[in-house]
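This report concerns only the one structure given below.
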Amino acid sequence: MGGCLLTSSVSWGTGIFGVKHRPPDPSVVGDRWRQMWRDRLESGSVPLISWLKHQQRDEFWQHGSVCENYDAIDCAVYAVGDGQMVIQMQFFD
Numbered sequence: 043m044g045g046c047l048l049t050s051s052v053s054w055g056t057g058i059f060g061v062k063h064r065p066p067d068p069s070v071v072g073d074r075w076r077q078m079w080r081d082r083l084e085s086g087s088v089p090l091i092s093w094l095k096h097q098q099r100d101e102f103w104q105h106g107s108v109c110e111n112y113d114a115i116d117c118a119v120y121a122v123g124d125g126q127m128v129i130q131m132q133f134f135d
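If you want this note's numbering, it's the 1-based position in the sequence shown plus 42.
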């Protein structure tokens, strides 16, 4: 944050890899679970690698950033912060 790679990004980025690559539940998807799992493993990516390639704000991050167009938000928002009052107030402008 602010030019420094946070350790939480590293731990989350590697942890989500394991979560994304778990096998599907056979009771939900049936007998095709094994092939689905193999496809998931073969096509999977490691989010941390992408994050390390895009450590500065660029087009990679824009798709998930609400600050690109606040007017596009057309639902109620429950905004919670942790002492970052400046950021919170900018959100409500």
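We put the CB at the ideal spot given by N, CA and C, even for glycine.
According to the DSSP assignment, G57 belongs to the alpha helix (DSSP H) that extends over 49–62. About 6 Å separates the beta carbons of L90 and V52, which is inside the 8 Å limit, making them a contact pair.
Its chain contains no residue whose beta carbon lies nearer than 8 Å to that of D116 once the 5 sequence neighbours on both sides are disregarded.
Going by DSSP, I115 is part of no alpha helix (DSSP H) at all; its letter is neither H nor E. The three-state reading of DSSP puts R80 in helix, counting H, G and I together. Look at D100 here: in three-state DSSP terms it is coil, with no helix or strand label. Rounded to whole angstroms, the separation of the alpha carbons of K62 and Q98 is 25 Å.
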